[in-house]
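Enquirer: Before we start, here is the structure in question, set down as structure tokens.
4 protein chains.
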Amino acid sequence: MSTTPAFKRLPRAVREQQMLDAAVRVFSRRGFHAASMDEIADDAGISKPMVYAYLGAKEEVFIACLHREGTRLMEAIAAVVDPDLPPDEQLWRGLRAFFGFVGAHRDGWAVLYRQARGEQPFAGQLAQMRTRMVEVVAGMLGRATAAEGREVPATELDVMAYALVGATESLADWLADHPEADPERTATRMMNVAWLGAAELLRGNTWHPSG
Amino acid sequence: MSTTPAFKRLPRAVREQQMLDAAVRVFSRRGFHAASMDEIADDAGISKPMVYAYLGAKEEVFIACLHREGTRLMEAIAAVVDPDLPPDEQLWRGLRAFFGFVGAHRDGWAVLYRQARGEQPFAGQLAQMRTRMVEVVAGMLGRATAAEGREVPATELDVMAYALVGATESLADWLADHPEADPERTATRMMNVAWLGAAELLRGNTWHPSG
Amino acid sequence: MSTTPAFKRLPRAVREQQMLDAAVRVFSRRGFHAASMDEIADDAGISKPMVYAYLGAKEEVFIACLHREGTRLMEAIAAVVDPDLPPDEQLWRGLRAFFGFVGAHRDGWAVLYRQARGEQPFAGQLAQMRTRMVEVVAGMLGRATAAEGREVPATELDVMAYALVGATESLADWLADHPEADPERTATRMMNVAWLGAAELLRGNTWHPSG
Amino acid sequence: MSTTPAFKRLPRAVREQQMLDAAVRVFSRRGFHAASMDEIADDAGISKPMVYAYLGAKEEVFIACLHREGTRLMEAIAAVVDPDLPPDEQLWRGLRAFFGFVGAHRDGWAVLYRQARGEQPFAGQLAQMRTRMVEVVAGMLGRATAAEGREVPATELDVMAYALVGATESLADWLADHPEADPERTATRMMNVAWLGAAELLRGNTWHPSG
DNA sequence: TATGAATGAGCCTTCATTCAT
DNA sequence: AATGAATGAAGGCTCATTCAT
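Sequence lines, in order, name chains A, B, C and D.
Position 58 (the first sequence) corresponds to 56 in the numbering used here; numbering is contiguous.
Position 137 (the second sequence) corresponds to 135 in the numbering used here; numbering is contiguous.
Position 31 (the third sequence) corresponds to 29 in the numbering used here; numbering is contiguous.
Position 17 (the fourth sequence) corresponds to 15 in the numbering used here; numbering is contiguous.
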């Protein structure tokens, strides 16, 4: 009556996090379809009905994973970006945070994100997350142009942001596939491509952090 | 009576193409997992065993789709890119061909490609196709720097190409999701981002085809 | 209301035996290939996934049947054979137990065994079971010769045992195919062939239980 | 018009034998169920419809194989057994011919026979073949007892013959599984078991060919 | 709260078999 | 005579999901 078998009857919030941890691991390891609810439950050390009770159906579990990891990523970025800084500094800090996060969670967000792209059930969720990122980037670009006294149509900014986000995702994939690669260097490369463009780079110019 | 000949007992080569057409449609419509061999066979107007006889198992069918569509895309690009042109002209032509193709085959390439990214069994195929593209882009960038008398490490060129390909794929996705969007304009936007970079764009400068 | 309790949600051990019972019936009725997992599940009164959950794939189910029935047979024999008895008595008791078992389980062991002989996937299992029987018989023969002060190479004993086991199996088949036949008489016949040989039998001599 | 492409338009009888050769090979290699009509046709170097035209459905093909190989075996035995010889000599010659044949056609009769035992569709065919063998053996035993002025009920002779045939089949299996074993020695062992019985053998007596 | 037991539904895959040429 | 093309039918297996305890 006092040996307290470890990890029993934990509060709901804790259990949910444990399940999500397990789900992220399994989805990353197997992919959405190959992952089974059985394996997730096993990995979490509880029974399947508990997963359903706490997180719902499989798609919902995946969305919850995506949401949690995406939020963490956004928070990591938001923590370092200051709207008052010059745009290149903002971009640089954002990219560094982004690649740092992806590099530190190689089994997390980037892999889930990659899964989600292919599956229609997640199109909505995905679009929403991407929109959040695009908005951040587009907002930054918008403020930068406004500061120069110019104005660019929102659509143009969006498309541009879209391309930047795409390039970044692509390098995140690359980073996830190259365990030996350095997140910081990857961020620098991305920054060069994004900020200077191919023309400048080919001319031999590169971008450097001002600090 | 004369234009549309008999429907049955066609030679293998013809049936194979019909099957691939159907498979591309169904995979695009449903996604790889939700697609069923039954639906593919139905859509092709033949019975399931024929699909297995000619194209093999489901994964092989998908790979065959990927291969055919990927080859068509590469050919469309190769047909317009001339290594003797200036690099920006090469890039521009390539992008225009790329987005033109994706716009014209909205149900084909973009969706297949998007599917393939998430599924581990296709990682190899995908990597191979992407490598082909990256090599093309990196090769072009390499010739351009060489023409300027400079030299850039191959790795740097690869990563840069990777980012460009990623941005392009991202916009291709965007294009596939926006039926009203114009491929040509999308190509222009991508060209601006890629060639000039954010800094120039924010300064109000844009790139224009020389012709 | 009391003898036959609820029919659903039985503990695993019980359900497993029910499934094995059904599987033995179905395999005997149809043969390994013609038997379907559906029919086994139906016959057991549960759904197919339960069969997979508890017993595994079709081959595994068959092996489990073989194992259970084979073990029961060996136990039936072991229960009546006493190594201290004279060899003919041992052989006689063993044969009687054997044919008694086969006669009482006409849908069981003999049929499974017959199935197993033809199918390559079961060669291993089969060989193992036959080895157990051959060892028992060869061991008995070995002790008998040793008791007479003689010694016979192990290989010779094995081949002899092999022939005896083969003859016995053959008569077991015959018994399984002749529902009207008497197991006890069959055992006697086998005993005569095995112990006396054709020469003695043709001379009109027969073997009789000493008791 | 004169290069006569090898092996075309052969007379039916020849083609049939080629098909049966192929069928025996494939059935032996794969077993009845795992063998496919495709593989048989391929192995015979002709198209599948020809197999159906000449030999009929799969079961019929197997039966034809069984029949041809069984007949060859019976002929090999009949060629050396002379009803006027003493019974042990007859048995010995028969066994020697039997094991010689099985040893020389390790992929032929014994394997087919083993397949056939498990499958119900062949029960009739099988019974018929076994009956032919049992009749031969029982007939021999009958003549032998008659020569001694004794009479044994037909059923008894049949069962005895059944046991002998079973033992022989069992050793044929053993021989088919032991490529290094010598058919002649196997025949001798079988002869000892069958003719002398265990009692004599354990006493150290053995049977030897009279010649 | 927590779980072992149970299932409906569906998909991939494979053949034996037959037409139409 | 000979074959490439085509299919009906069926079976193994898996999994997300839910009761009943």
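Think of the CB as a built atom: it goes at the ideal place given N, C-alpha and C, for glycine as much as any other residue.
From this set, D/Trp107, D/Ala165 and D/Pro84, which residue's C-alpha is nearest D/Arg66's C-alpha?
Expert: Indexing the fourth sequence from 1 puts residue 66 of chain D at position 68. Ranked by Cα distance from D/Arg66, the first of D/Trp107, D/Ala165 and D/Pro84 is D/Trp107.
Enquirer: Under 9 Å, Cβ to Cβ, is there at least one residue of chain C near D/Phe96?
Expert: Sequence index remark: in the fourth sequence, residue 96 of chain D carries index 98 (1-based). Cβ-Cβ to chain C under 9 Å: no for D/Phe96.
Enquirer: Can you tell me whether C/Pro47 is buried or exposed, with buried defined as 16 or more other CB within 10 angstroms of its CB?
Expert: Start at 1 with the first residue of the third sequence, and residue 47 of chain C comes out as number 49. Answer is exposed; the Cβ neighbour count stays below 16.
Enquirer: If I'm right that D/Val135 touches D/Ala159 with Cβ under 8 Å, what's the distance once you round it to whole angstroms?
Expert: On the fourth sequence, position 137 is the one that residue 135 of chain D refers to. On the fourth sequence, position 161 is the one that residue 159 of chain D refers to. For a cut-off of 8 Å, the C-beta gap from D/Val135 to D/Ala159 is around 4 Å, short enough to register as a contact.
Enquirer: Only counting the same chain, and skipping five residues up and downstream in sequence, which positions put a Cβ closer than 7 Å to that of A/Arg112?
Expert: As a working mapping, residue 112 of chain A is identified with position 114 in the first sequence. Taken in chain order, the residues that qualify are Asp171.
Enquirer: Which value, in whole angstroms, describes the spacing of the CA atoms of A/Leu199 and A/His206?
Expert: To locate residue 199 of chain A, count along the first sequence from 1; it is residue 201. To locate residue 206 of chain A, count along the first sequence from 1; it is residue 208. A/Leu199 and A/His206: Cα-Cα distance of roughly 12 Å.
Enquirer: Determine the burial state of C/Glu149: buried for a count of at least 16 other Cβ atoms within 10 Å of its Cβ, exposed for fewer.
Expert: Looking up residue 149 of chain C in the third sequence gives position 151. C/Glu149 should be labelled exposed.
Enquirer: Tell me, to the nearest whole angstrom, how far the beta carbon of B/Leu18 is from that of B/Cys63; I am working on the premise that it is less than 8 Å.
Expert: Reading the second sequence from its first residue, position 20 is the one you call residue 18 of chain B. Reading the second sequence from its first residue, position 65 is the one you call residue 63 of chain B. 6 Å between Cβ atoms; contact.
Enquirer: For D/Gln113, would you say it is in contact with chain C, using Cβ-to-Cβ distances shorter than 9 Å as the test?
Expert: For the purposes of this step, residue 113 of chain D is taken as residue 115 along the fourth sequence, with counting starting at 1. Yes, contact with chain C.
Enquirer: What residues in the region 111 to 140 of chain B have a beta carbon less than 8 Å from any beta carbon of chain A?
Expert: Arg112, Gln113, Ala114, Arg115, Gly116, Glu117, Gln118 and Leu139
Enquirer: Please look up how many angstroms separate the CB atoms of A/Ser233 and A/Asp105, rounded, as I've assumed it's under 8 Å.
Expert: Residue 233 of chain A lies beyond the stretch modelled for chain A, which goes from -1 to 209, so this question has no answer here.
Enquirer: So is D/Pro85 in contact with chain C if we call contact Cβ pairs under 9 Å?
Expert: For the purposes of this step, residue 85 of chain D is taken as the residue at position 87 of the fourth sequence. Yes, its Cβ sits closer than 9 Å to a Cβ of chain C.
Enquirer: Look up D/Thr129 in the DSSP assignment and say whether it is helix, strand or coil.
Expert: Stepping through the fourth sequence from its first residue, residue 129 of chain D is reached at position 131. Reduced to three states, the DSSP call for D/Thr129 is helix.
Enquirer: By the DSSP assignment, the alpha helix (DSSP H) with C/Ser26 in it spans what residues?
Expert: In the third sequence, counting from the first residue as 1, residue 26 of chain C sits at position 28. Here the alpha helix (DSSP H) through C/Ser26 covers Arg10 to Arg28.
Enquirer: According to DSSP, is B/Lys56 part of a helix, a strand, or is it coil?
Expert: Along the second sequence, read from residue 1 onward, the residue named residue 56 of chain B stands at position 58. Here B/Lys56 sits in helix by DSSP.
Enquirer: Is any beta-carbon of chain A found at less than 9 Å from that of B/Met72?
Expert: Your numbering for residue 72 of chain B matches position 74 in the second sequence. At a cut-off of 9 Å between beta-carbon atoms, B/Met72 makes no contact with chain A.
Enquirer: Mind checking C/Arg130: buried by the 16 CB within 10 Å criterion, or exposed?
Expert: Residue 130 of chain C sits at position 132 when you count from the first residue of the third sequence. A residue is called buried when at least 16 other Cβ atoms come within 10 angstroms of its Cβ; C/Arg130 does not meet this threshold and is exposed.
Enquirer: Using only the alpha-carbon positions, how far apart do B/Arg201 and B/Ile38 sit?
Expert: Numbered from its first residue, the second sequence carries residue 201 of chain B at position 203. Numbered from its first residue, the second sequence carries residue 38 of chain B at position 40. Between B/Arg201 and B/Ile38, the C-alpha separation is close to 51 Å.
Enquirer: Does the beta carbon of C/Glu146 sit closer than 9 Å to a beta carbon anywhere in chain D?
Expert: Along the third sequence, read from residue 1 onward, the residue named residue 146 of chain C stands at position 148. Under the Cβ criterion of 9 Å, C/Glu146 is counted among the residues facing chain D.
Enquirer: Would you verify that the beta carbon of D/Leu169 is, or is not, closer than 9 Å to some beta carbon of chain C?
Expert: Here residue 169 of chain D refers to the residue found at position 171 when the fourth sequence is read from its first residue. Yes, D/Leu169 counts as interfacial toward chain C.
Enquirer: Residue range of the alpha helix (DSSP H) that C/Trp107 falls in?
Expert: To locate residue 107 of chain C, count along the third sequence from 1; it is residue 109. Element bounds for C/Trp107: Trp107 to Gly116.
Enquirer: Report the three-state DSSP secondary structure of D/Lys46 (helix, strand or coil).
Expert: Locating residue 46 of chain D in the fourth sequence gives position 48, where the first residue counts as 1. Residue state, collapsed to three classes: helix.
Enquirer: Determine the burial state of D/Arg115: buried for a count of at least 16 other Cβ atoms within 10 Å of its Cβ, exposed for fewer.
Expert: Within the fourth sequence, residue 115 of chain D is the residue found at index 117, counting from 1. Buried, because 16 or more other Cβ atoms sit within 10 Å of the Cβ of D/Arg115.
Enquirer: Hey, how far is the Cα of C/Thr1 from the Cα of A/Gly43?
Expert: Start at 1 with the first residue of the third sequence, and residue 1 of chain C comes out as number 3. Start at 1 with the first residue of the first sequence, and residue 43 of chain A comes out as number 45. The predicted position of C/Thr1 is uncertain, since its pLDDT is 40 and thus under 50; a value taken from the coordinates is nonetheless stated next. Distance between the alpha carbons of C/Thr1 and A/Gly43: 39 Å.
Enquirer: So, with DSSP's three-state summary, where would you put A/Asp226?
Expert: Residue numbering for chain A in the displayed model covers -1 to 209; residue 226 of chain A lies beyond these limits and cannot be assessed.
Enquirer: 9 Å is my cut-off, CB to CB: does A/Ala196 come that close to chain B?
Expert: Here the question's residue 196 of chain A lines up with position 198 in the first sequence. For A/Ala196, the answer is yes, since a Cβ of chain B falls inside 9 Å of its Cβ.
Enquirer: Evaluate the contact criterion for the region 66 to 80 of chain B versus the region 77 to 85 of chain A: three or more CB pairs, one atom per stretch, below 8 Å.
Expert: no
Enquirer: Around the C-beta of A/Arg141, are 16 or more other C-beta atoms found within 10 angstroms, so that it is buried, or is it exposed?
Expert: Position 143 of the first sequence, counting from 1, holds the residue named residue 141 of chain A. Answer is exposed; the Cβ neighbour count stays below 16.
Enquirer: Figure out for me which residue from D/Gln123, D/Leu162 and D/Glu87 has the closest Cα to the Cα of D/Met188.
Expert: On the fourth sequence, residue 188 of chain D is found 190 positions in, with the first residue counted as 1. Looking at the Cα atoms, D/Leu162 is the closest of the given residues.
Enquirer: Under the criterion of a Cβ to heavy atom distance below 8 Å, does C/Arg70 qualify as lining the ligand NAD?
Expert: Ligands in the displayed structure: none, and consequently the ligand NAD is not present.
Enquirer: Give me, in chain order, the residues of the same chain whose beta-carbon lies closer than 8 Å to that of C/Leu8; leave out the 5 immediate sequence neighbours on both sides.
Expert: Here the question's residue 8 of chain C lines up with position 10 in the third sequence. Closer than 8 Å at the Cβ level, and outside the excluded window around C/Leu8, lie Gln16.
Enquirer: Among the residues of its own chain, which have a CB less than 6 Å from the CB of D/Phe97, if the five just before and after it don't count?
Expert: Here residue 97 of chain D corresponds to residue number 99 of the fourth sequence, with the count starting at 1. If we look at D/Phe97 and ignore the five residues flanking it on each side, its Cβ neighbours are Pro181, Thr184 and Ala185.
Enquirer: Which of the three DSSP states is assigned to D/Ser34 in this structure?
Expert: By one-based count along the fourth sequence, residue 34 of chain D stands at place 36. Looking at D/Ser34 - three-state DSSP - the assignment turns out to be coil, as it is neither helix nor strand.
Enquirer: Can you list the residues of chain B that A/Arg187 reaches, using a CB-CB cut of under 8 Å?
Expert: Here the question's residue 187 of chain A lines up with position 189 in the first sequence. Within chain B, the residues near A/Arg187 are Glu154, Val157, Met158 and Ala161.
Enquirer: May I ask you to report which of helix, strand or coil DSSP gives C/Gly147?
Expert: Taking the third sequence and counting its residues from 1, one reaches residue 147 of chain C at position 149. C/Gly147: coil per DSSP, three-state reduction.
Enquirer: Kindly indicate which three-state DSSP category C/Glu87 falls into: helix, strand or coil?
Expert: Working through the third sequence from its first residue, we reach residue 87 of chain C at position 89. Looking at C/Glu87 - three-state DSSP - the assignment turns out to be helix.
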